[in-house]
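In the numbering used here, the protein residues as written are 17 to 411.
Below is one structure, written out as structure tokens; the observations come after it.
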């Protein structure tokens, strides 16, 4: 049979199938398979590229503190030795720098900066507990001779703790802490005002409980009593205010900072943040954008290695306390360590032994022994006043 042109309708030699036959269908299927495979490959490549771009951006946010690493290397012989493998001690420094667009409104940049907040974070070797110890900025300590920004070296001095950061930055602060505690600092992080605010905003605010209203003009902070969710700007005023909250002391301010950080830990650990990529990325971006760390941590890989073991730490095993201290004997506006309580705390952290913490409201004396134990019995663990992250939720 032929069509009107006399061409055969059936298959002929080398002609394959007709336009509606199996041959064309197979060719179309092959083209679809090839097209789908190419499309999938493009999507995978695009996803991989996007993932790499995100990784590269977040890693690039972090500033490596190479100068501090070089300075600490010069004094390696005098630094403490880590006693317990896998235990980690990280020094967290909140800088009061006014440099940078996000920080200028908090005051003039006088060319120096101090450590507004300093916390020594101890991570147990088994990663089943974490202890954060606040170091008062007004604590009188021995500060070693340190390399200054102009290249000259300062003289050793007995002065307020936050003077170390002003004189020699993070390296000088680390050496001062190690001299004070005998604890090896494995890593350090420096966060400024802007980074703190962005972190709080990235988790959509943090809830705190206020016993009474707050009206602090200096901190530009007005809050009602009760449950309040603070945004980044409010949170910064809350943790830095001294005159309008509590008794106005640095002691009360540190306890307030600890309570806030506990609430922030709860918020970040919630599944609503960790399991939601839309929320997790801003948190990571904020956490890295104003972060200066030792070179080993100055990448997402480095930070991941550090926090990987923290995911399963129960919030009631994340403890906050202030180093045992009292008014300095020569100046009531300064602090000094309470001994032997302070050394008991440092010794337990060095040996990675459990630290027993009672609530801040407890009337127990810092370092007071608890539990039974006579002259011939086992020595009970000392108890320190503080709180846990789990206690920071509003009822």
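For each residue, glycine too, the CB sits at the ideal point set by N, CA and C.
- Between residue 305 and residue 233, the alpha-carbon positions lie close to 29 Å from each other.
- Here DSSP, grouped into helix, strand and coil, assigns residue 225 to strand.
- When rounded, the separation of the alpha-carbon atoms in residue 357 and residue 329 is 27 Å.
- Beta-bridge annotation (DSSP): residue 169 is paired with 163.
- Beta-bridge pairing by DSSP links residue 402 to 337 and 375.
- Residue ranges of uninterrupted alpha helix (DSSP H) with 4 or more members, entirely inside the segment 192-222 and ordered along the chain, are 209-218.
- Between the segment 239-258 and the segment 214-224, the count of C-beta pairs closer than 8 Å reaches three or more; the two stretches touch.
- The C-beta separation of residue 211 from residue 96 comes to about 29 Å, leaving the pair out of contact by the 8 Å criterion.
- When the five nearest sequence neighbours on each side are left out, the beta carbons in the same chain lying within less than 6 Å of the beta carbon of residue 270 are those of 150 and 338, in order along the chain.
- One alpha carbon belongs to residue 295, the other to residue 280, and they sit about 15 Å apart.
- Contact between the segment 95-110 and the segment 192-209 is present, with at least three C-beta pairs closer than 8 Å.
- Counting along the chain, residue 287 sits inside no beta strand (DSSP E); it lies in the alpha helix (DSSP H) bounded by residues 287-290.
- The beta carbon of residue 132 sits closer than 8 Å to those of 110, 111, 112, 153, 178 and 256, all from its chain and outside the five residues before and after it, given in chain order.
- Cβ-Cβ separation between residue 314 and residue 84: approximately 11 Å, too far for a contact (criterion under 8 Å).
- In its chain, beyond the 5 residues on either side, 163 and 187 have a beta carbon closer than 7 Å to the beta carbon of residue 87.
- Residue nearest to residue 342 within the set 217, 266, 70 and 69 is 266 (criterion: CA-CA distance).
- With respect to the C-alpha of residue 71, the residue from 303, 316 and 243 having the closest C-alpha is 316.
- Minimum Cα-Cα distance from residue 332 among the listed residues 146, 137, 398 and 297 corresponds to 146.
- One alpha carbon belongs to residue 190, the other to residue 354, and they sit about 21 Å apart.
- At the C-beta level, residue 103 and residue 368 come within 8 Å of one another.
- Distance between residue 98 and residue 141, taken at the CA atoms: about 12 Å.
- Here DSSP, grouped into helix, strand and coil, assigns residue 305 to helix.
- Just so you know, the alpha carbons of residue 169 and residue 184 end up roughly 9 Å apart.
- If the five residues before and after residue 288 are omitted, its C-beta is found closer than 8 Å to the C-beta atoms of 295, all from its own chain and listed in chain order.
- A distance below 8 Å between beta-carbons, with the five flanking residues on each side excluded, links residue 237 to the following residues of its chain, in chain order: 230, 231, 250, 253, 254, 257 and 260.
- The beta carbons of residue 336 and residue 274 sit closer together than 8 Å.
- Per DSSP, residue 360 is one residue of the alpha helix (DSSP H) stretching across 357-366.
- Going by beta carbons, residue 176 and residue 352 fall outside the 8 Å limit.
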